[in-house]
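Structure, as structure tokens:
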Amino acid sequence: MSERGSLAQALFSPRAIALIGASGDPAKNTSRPQRVLRLHGYAGRIVPINATRAEVLGERAYHTLAAAPGEIDHAFIMTPGEAVERAIEECGARGVPVATIFSDGFADAGAEGAARQERLVARARALGVRAGVADVALLALLALAILVAVRGLGNLLVVALLVGPAATARLLVRRMWPMMALAAAIAVGCGTAGLYLSYHAGTAAGASIAGAIVVAFLVAELAAGRPRRVGAGAPTAPDAPHLLGAPGR
Numbered sequence: 004m005s006e007r008g009s010l011a012q013a014l015f016s017p018r019a020i021a022l023i024g025a026s027g028d029p030a031k032n033t034s035r036p037q038r039v040l041r042l043h044g045y046a047g048r049i050v051p052i053n054a055t056r057a058e059v060l061g062e063r064a065y066h067t068l069a070a071a072p073g074e075i076d077h078a079f080i081m082t083p084g085e086a087v088e089r090a091i092e093e094c095g096a097r098g099v100p101v102a103t104i105f106s107d108g109f110a111d112a113g114a115e116g117a118a119r120q121e122r123l124v125a126r127a128r129a130l131g132v133r134a135g136v137a138d139v140a141l142l143a144l145l146a147l148a149i150l151v152a153v154r155g156l157g158n159l160l161v162v163a164l165l166v167g168p169a170a171t172a173r174l175l176v177r178r179m180w181p182m183m184a185l186a187a188a189i190a191v192g193c194g195t196a197g198l199y200l201s202y203h204a205g206t207a208a209g210a211s212i213a214g215a216i217v218v219a220f221l222v223a224e225l226a227a228g229r230p231r232r233v234g235a236g237a238p239t240a241p242d243a244p245h246l247l248g249a250p251g252r
């Protein structure tokens, strides 16, 4: 398999996932990836790595990554910040191609953390491990959500929900946090509208939700578009300001 093919498999269809730092306490965030993977029908091997437990949530656990049997396609690292570098070294020694880091103390912790993150990524690259700490939790949870959602909902609906609301919000808002909030509201609104249409019109739920997202995007495109010419030969007016607080020119 090509390097690009193996990377795609490790990200979106891994045969085995090592959960480094997995917790047996269902109340902890570090137990959620294992529970979510099983809940949504992940059929590959789940390999919990826990320094003190021989079993985590019904799965055989191992004290170190080196002790885990078989090939590992993807390591999900949930250890505290100071232990992440050791986990990356273990991934390199085992030949794990991809690691997702769900931790803190990196770029989120200021200049010193950002320097630590750069060193970590450089070391991972030297070991042959593709590792990302970009905004830590956000991308880690996004990768996990894509993995389980594609299996549960299908490609069309997942792509529509990931891309459509964000693209629609981008037409209307420029600042990051308002854009994210608006995208979430659009996703919820379109999902509700699509399910309502599906129930009353008897259409497929996925197609109805995707259709609602397309309609929302077209409406936003019209709302954020340029004004039409007011007469023959008249100059076009400057771009209209975006709706939610962006200044005009």
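Residues in the sequence shown are numbered consecutively from 4, following my numbering. Each residue gets a CB set at the ideal place from its N, CA and C atoms; glycine is no exception.
Separation of I80 from A112, as counted between CA atoms = Position 109 of the sequence shown, counting from 1, holds the residue named residue 112. Position 77 of the sequence shown, counting from 1, holds the residue named residue 80. Taking the straight line from one Cα to the other gives about 18 Å.
Host alpha helix (DSSP H) of V191 (start-end) = The residue given as residue 191 occupies position 188 in the sequence shown. Residues M179 to A204.
For H245, which of helix, strand or coil comes out of DSSP?
-> As a first step, residue 245 is located in the sequence shown; it is residue number 242 there, counting from the start. With a pLDDT of only 37 at H245, under 50, the local geometry of the prediction cannot be trusted, and the value read off the model is given with reservation. Of the three classes helix, strand and coil, the one that applies to H245 here is coil, per DSSP.
Pairing CB atoms from the region 73-90 with CB atoms from the region 20-36, are three or more of them under 8 Å?
-> yes
Is it the case that the Cβ atoms of E62 and I49 are separated by a distance below 8 Å?
-> By one-based count along the sequence shown, residue 62 stands at place 59. By one-based count along the sequence shown, residue 49 stands at place 46. Taking 8 Å as the Cβ cut-off, E62 and I49 qualify as a contacting pair.
Assuming F109 and G167 make a contact with CB atoms under 8 Å, what is their CB distance in whole Å?
-> For the purposes of this step, residue 109 is taken as the residue at position 106 of the sequence shown. For the purposes of this step, residue 167 is taken as the residue at position 164 of the sequence shown. Not quite, the Cβ-Cβ distance comes to about 31 Å (not below 8 Å), so this is no contact.
Do A70 and N53 have their C-beta atoms closer together than 8 Å?
-> For this step, residue 70 is matched to residue 67 along the sequence shown. For this step, residue 53 is matched to residue 50 along the sequence shown. Taking 8 Å as the Cβ cut-off, A70 and N53 do not qualify as a contacting pair.
Thinking A134 and I91 are a contact (beta carbons under 8 Å), I'd like their distance in whole angstroms, please.
-> Numbered from its first residue, the sequence shown carries residue 134 at position 131. Numbered from its first residue, the sequence shown carries residue 91 at position 88. With a Cβ gap of about 6 Å, A134 and I91 count as contacting.
Flag this pair as yes or no: are the beta carbons of G95 and G131 separated by less than 8 Å?
-> Along the sequence shown, one-based indexing puts residue 95 at 92. Along the sequence shown, one-based indexing puts residue 131 at 128. Yes, the Cβ-Cβ distance between G95 and G131 is below 8 Å.
Pull up the distance between the alpha-carbon of H203 and that of R178, whole angstroms please.
-> Here residue 203 refers to the residue found at position 200 when the sequence shown is read from its first residue. Here residue 178 refers to the residue found at position 175 when the sequence shown is read from its first residue. Straight-line Cα distance between these residues: approximately 37 Å.
Work out the CA separation of E121 and T67 for me, nearest whole Å.
-> Reading the sequence shown from its first residue, position 64 is the one you call residue 67. Reading the sequence shown from its first residue, position 118 is the one you call residue 121. If you take the alpha carbons of T67 and E121, they lie about 25 Å apart.
Range of the contiguous beta strand (DSSP E) that encloses A114 | Start at 1 with the first residue of the sequence shown, and residue 114 comes out as number 111. No beta strand (DSSP E) holds A114; the alpha helix (DSSP H) holding it covers A114 to L130.
Coarse secondary structure for P238, derived from DSSP in three states | Here residue 238 refers to the residue found at position 235 of the sequence shown. Low per-residue confidence applies at P238: pLDDT is 43, beneath 50, and the placement is therefore not dependable, though the value from the model is reported in the following sentence. Looking at P238 - three-state DSSP - the assignment turns out to be coil, as it is neither helix nor strand.
Below 7 Å CB to CB, which residues in the same chain sit around A13 once its five sequence neighbours on both sides are set aside?
-> Locating residue 13 in the sequence shown gives position 10, counting from the first residue. Cβ within range, chain order: D76, H77, P100 and V101.
Taking T55 as the reference, give the member of L40, I23, G44 and A46 with the closest Cα.
-> Along the sequence shown, one-based indexing puts residue 55 at 52. For the residues L40, I23, G44 and A46, the minimum Cα distance to T55 belongs to I23.
Kindly list the residues whose CB is nearer than 8 Å to the CB of V184, restricted to its own chain and excluding five residues on each side of it in sequence; keep chain order.
-> Within the sequence shown, residue 184 is the residue found at index 181, counting from 1. Strictly speaking, residue 184 in this sequence is Ala, with Val absent from that position. Nothing listed; no residue qualifies.
What are the complete beta strand (DSSP E) segments, minimum 3 residues, inside the region 56-90?
-> 77-80
Tell me where the alpha helix (DSSP H) around V222 begins and ends.
-> As a first step, residue 222 is located in the sequence shown; it is residue number 219 there, counting from the start. Residues A208 to A227.
May I have the straight-line CA-CA distance separating D138 from F15, to the nearest angstrom?
-> As a working mapping, residue 138 is identified with position 135 in the sequence shown. As a working mapping, residue 15 is identified with position 12 in the sequence shown. The pLDDT assigned to D138 is 47, lower than 50, so where the model puts this residue is not dependable; a value taken from the coordinates is nonetheless given after this. Their backbone Cα atoms lie some 20 Å apart in a straight line.
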